[in-house]
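Have a look at the structure below before the remarks.
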Ligand SMILES: [Zn+2]
């Protein structure tokens, strides 16, 4: 079971969307989100180089710095399953699916708690990435504006 830290968890959404936009991969298929540090795993065919790690970090921090509003709305299970991969939602999520949007940047079905503006996340810091057996692991932490 994940622990749901709102800052970290919202950062995960932005990381996932940035991975999609930069590398055309899927959202992370597995993640471990904790207050101090987190990791996300992606199906990926190679390691990232240093330049890519720097660009990924800058891109995420530019998005965070846009003060994007984080909002939720609800779709029927039918509508949601037509538009999103729901495989990471719990089986018993109900007839309505909660969709979380981060400004114009990311839209994703999610049951977790989030901050209300991306600026509350603080600074995204990449700890390291590694690649093994077709899986890229991204480890990161946040320097928070307030604790
Ligand atoms: Zn979420």
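Numbering (this note's numbering), first residue to last: 1002 to 1148. The beta carbon of each residue, even a glycine, is placed where N, CA and C say it ideally should be.
Q: Quickly, what does DSSP pair residue 1126 with across the bridge? List them, please.
A: Bridge partners of residue 1126: 1142.
Q: Mind checking who residue 1041 pairs with in its DSSP beta bridge?
A: Under the DSSP definition of a beta bridge, residue 1041 partners with 1032, 1139.
Q.
Quick check for students: name the residue ranges of the beta strand (DSSP E) that lie wholly in the region 1077-1123, counting only runs of 3 or more.
A. Fully enclosed beta strand (DSSP E) runs of 3 or longer: 1097-1103, 1107-1110.
Q) Should residue 1124 and residue 1097 be called a contact, given that it needs their Cβ atoms to be closer than 8 Å? A) Using a Cβ distance threshold of 8 Å, residue 1124 and residue 1097 do not count as a contacting pair.
Q. Apart from the five residues on each side of it in sequence, which residues of its chain come closer than 8 Å, Cβ to Cβ, to residue 1058?
A. The residues 1125, 1126, 1127, in chain order, have a CB closer than 8 Å to that of residue 1058 in the same chain once the five nearest residues on each side in sequence are set aside.
Q: Please find out if some non-hydrogen atom of ligand 1 comes closer than 7 Å to the beta-carbon of residue 1060.
A: No, ligand 1 has no heavy atom inside 7 Å of this Cβ.
Q. Between residue 1011 and residue 1064, is the Cβ-Cβ spacing less than 8 Å?
A. It is not a contact, given that the beta carbons lie outside the stated cut-off.
Q. How many Å lie between residue 1024 and residue 1095 at the Cα?
A. In this structure, the CA atom of residue 1024 is about 33 Å from the CA atom of residue 1095.
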